[in-house]
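Trainee:
Protein chains: 2
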Amino acid sequence: MQTISRENYLKAILKLEGRADIVSNQALADKLETKPASVTSMLHKLADEGWVKHEAYKGVQLTGEGKGIALATLRKHRLWEVFLVEKLNFGWDVVHQWAEELEHIGGEELTNRLDAFLGHPAFDPHGDPIPNALGKWKDGRNLVQASQAEPGSVVLIKGVLNSGEEFLQHLNTMHIQLGLQLIVVQRYEFDDGLVLEWPDGRQATISHETAQNLLVEMKQN
Amino acid sequence: MQTISRENYLKAILKLEGRADIVSNQALADKLETKPASVTSMLHKLADEGWVKHEAYKGVQLTGEGKGIALATLRKHRLWEVFLVEKLNFGWDVVHQWAEELEHIGGEELTNRLDAFLGHPAFDPHGDPIPNALGKWKDGRNLVQASQAEPGSVVLIKGVLNSGEEFLQHLNTMHIQLGLQLIVVQRYEFDDGLVLEWPDGRQATISHETAQNLLVEMKQN
DNA sequence: CAATAAATTTAGGTGTGTCTAAAAATATTG
DNA sequence: CAATATTTTTAGACACACCTAAATTTATTG
Ligand SMILES: [Mn+2]
Ligand SMILES: [Mn+2]
Ligand SMILES: [Mn+2]
Ligand SMILES: [Mn+2]
């Protein structure tokens, strides 16, 4: 039975599979803000449904069917985020929680109509690619963490590695947004802070931690 | 705690209060497609929350706070229905179930933005008035059941008393939709069937039951 | 490699919302 | 107005998704 909680678990497993090939109980508990015992219990249910392969004490992996559900949920999440930002004019820092609920509504038909209404967007407001109806996407971008950009280079802000409200609000405060082009002026040896220059000539420094969570496209140098 | 189920109950009570002043357990069970024992159980919870006044064996009534939640939920339901029809081009016969889920998402801020995005619609796709942010609406229309229209009169379709999928699909089949202007040509004495004439001159007959569920504005006669 | 630490699972509970079957209260009617 | 029918409530269960605390298993390390 496809419940909200189960879709959330499958989506979380999908994201964690991106890094490690096998997903640990603990990582899931952290991501879902729940307790390991709850995760174990749910993994049994997901395995019963045939959506994950679970080996006791070893970890989980999505099955083909499980991945399909996870991708469909992720697609809905990101499309609704685009809706909230593009159509209802919300900031990228507040849309995640609503999308977390909206992603569980309706099926393929509703999703495809929403997709068409939004003009088949390729990326969500955080720069994350939106899977198509088949769960596929192509991301021709070659993104790196801003922390890896050398002084003198020009970078284009294209995504974030942390979509949390606090981080995004910090970016708002720093006047950093997707599509912005910045010049990396200097790197402080001591703490790896980066001095950046905005198009209007203003300069400001971002911390190493902030730079690590910023995905950019290298324009020059 | 404001859960999906509790919002559904409050909304159901609100609608049933429209007819009888005190709502019976049975009526609620019917409307919510649940069992009387479940209703009793839920009414206790709603009473504990202070959202209804419940006298054992007598019936329920919304409190001010309960009515507020019910109206907010109804507002969201109808706004999302407008979205689905106006923006995603769904038919009025299929949007109810999705709205039944969407109505539980987000709060005032999201709702007000949606309202603005839709251009502050006064009525939903079924001709039902949409409460404003304060739960109020003004319905200047003077609607009657089509079954009460006399032969020779001209009527404007403005609403339905039954928003069920089957009835709405039947109206689709009959080419009856909101805003349509029809001439009542004749009433059959035997079964109160109504012969109607469409703007293109075509004529067709609708049953008394169908006419009873159609709300119209009298244009002439 | 045995002792310790960390991760995972099991056992036993809780709250929400539902159900069926039985008891209690209210309505209806001969 | 007493007998019967209907409505409502209570009692006892169940599924879902959580939790804490206590095993159990796996990993680490002296
Ligand atoms: Mn979610
Ligand atoms: Mn996103
Ligand atoms: Mn609902
Ligand atoms: Mn409606």
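Those protein sequences? They're chains L and R, same order as listed.
According to my numbering, numbering within the first sequence proceeds without interruption in unit steps and concludes at 207.
According to my numbering, numbering within the second sequence proceeds without interruption in unit steps and concludes at 207.
Where is the CB? At the ideal position from N, CA and C, for every residue including glycine.
Computed from a prediction, not measured in an experiment: that's the story for all the values here.
(1) Find the residues of chain R that neighbour LEU100 of chain L, judging by a C-beta separation of less than 8 Å, and give them in chain order.
(2) Compute every distance between the C-beta of HIS90 of chain L and the non-hydrogen atoms of ligand 6, then say whether any falls below 6 Å.
(3) On a CA-only basis, which of L:LYS73, L:TYR174, L:LYS17 and L:GLU19 is nearest PHE103 of chain L? Give me that one, please.
(4) Give the residues from the stretch 83 to 112 of chain R that approach chain L closer than 7 Å (Cβ to any Cβ), ordered along the chain.
(5) Could you name the residues that DSSP lists as bridge partners for THR97 of chain L?
(6) Please name the residue in L:ILE91, L:VAL46 and L:VAL170 whose C-alpha comes closest to that of ARG61 of chain L.
(7) Based on Cα-Cα distance, which residue from L:ASP110, L:LEU100, L:LEU32 and L:TRP184 lies nearest to HIS161 of chain L?
(8) For ILE169 of chain L, count neighbouring Cβ atoms within 10 angstroms of its own Cβ and tell me buried if that reaches 16, exposed if not.
(9) Let me know the alpha helix (DSSP H) ranges lying completely inside the stretch 136 to 183 of chain R, each 4 residues or longer, listed in chain order.
(10) Please report the residue range of the beta strand (DSSP E) in which ILE192 of chain R lies.
(11) Is the closest heavy atom of ligand 4 to the C-beta of GLU67 of chain R under 6 Å?
(12) Bridge partners of HIS40 of chain R, per DSSP?
(13) Looking at HIS156 of chain R and ASP178 of chain R, is the spacing between their C-beta atoms short of 7 Å?
(14) At the level of alpha carbons, what is the spacing between GLU41 of chain R and LEU32 of chain R?
(15) Would you say the beta carbon of SER133 of chain L comes nearer than 6 Å to a heavy atom of ligand 4?
(16) Since MET208 of chain L is in the alpha helix (DSSP H), which residue starts that stretch and which ends it?
(17) Rounded to whole angstroms, what's the CA-CA distance from PRO111 of chain L to HIS82 of chain R? Just pull it up for me.
(18) Would you check whether ligand 4 has a heavy atom nearer than 6 Å to the C-beta of ASP114 of chain R?
(19) Name the two residues that bound the continuous beta strand (DSSP E) containing VAL202 of chain L.
(20) Between the beta-carbon of ASN199 of chain L and the beta-carbon of LEU142 of chain L, is there less than 7 Å?
(21) Report the option in L:ALA6, L:ASN11, L:LEU120 and L:ASN75 whose CA atom is closest to the CA atom of GLY50 of chain L.
(22) Go ahead and pull the three-state DSSP assignment for GLN83 of chain R.
(23) Between ASN158 of chain R and ligand 3, is the CB less than 6 Å from at least one heavy atom?
(24) For ligand 3, any of its heavy atoms closer than 6 Å to the Cβ of ASN(-6) of chain R?
(25) Under the assumption that LEU201 of chain R contacts LYS144 of chain R (Cβ atoms under 8 Å), give the Cβ distance between them as a whole number of angstroms.
(26) Say the cut is 6 Å; is the CB of ASP211 of chain R nearer than that to a heavy atom of ligand 4?
(27) Measuring from the CB of SER149 of chain R, is there a heavy atom of ligand 4 at a distance below 6 Å?
(28) Whose C-beta lies closer than 6 Å to the C-beta of ILE(-10) of chain R among residues of the same chain, with five residues either side of it excluded?
(29) Could you pull out every residue in the same chain whose Cβ sits closer than 7 Å to the Cβ of SER149 of chain L, ignoring the five residues on either side in sequence?
(30) Under a three-way DSSP split, which group does GLN134 of chain R fall into?
(31) Here's the rule: buried if 16 or more other CB atoms are within 10 angstroms of the residue's CB, otherwise exposed. What is LYS(-3) of chain R?
(32) What separation, rounded to the nearest whole angstrom, lies between the Cα atoms of LYS21 of chain R and TYR43 of chain R?
(33) Who are the Cβ neighbours of ARG173 of chain R in its own chain at under 6 Å, not counting the five residues just before and after it?
Mentor: In brief:
(1) LEU74
(2) This structure does not include ligand 6; its bound ligands are ligand 1, ligand 2, ligand 3 and ligand 4.
(3) L:LYS73
(4) TRP84, GLU87, LEU88, ILE91, GLY92, LEU96, ARG99, LEU100 and PHE103
(5) According to DSSP, THR97 of chain L bridges with nothing at all.
(6) L:ILE91
(7) L:TRP184
(8) buried
(9) 151 to 159
(10) 189 to 192
(11) yes
(12) R:VAL46
(13) no
(14) 12 Å
(15) no
(16) Because chain L spans -13 through 207 in this model, residue 208 of chain L falls outside it and cannot be assessed.
(17) 29 Å
(18) yes
(19) 200 to 206
(20) no
(21) L:LEU120
(22) helix
(23) no
(24) yes
(25) 5 Å
(26) Residue numbering for chain R in the displayed model covers -13 to 207; residue 211 of chain R lies beyond these limits and cannot be assessed.
(27) yes
(28) HIS90
(29) HIS82 and HIS112
(30) helix
(31) buried
(32) 16 Å
(33) PRO137 and LEU180
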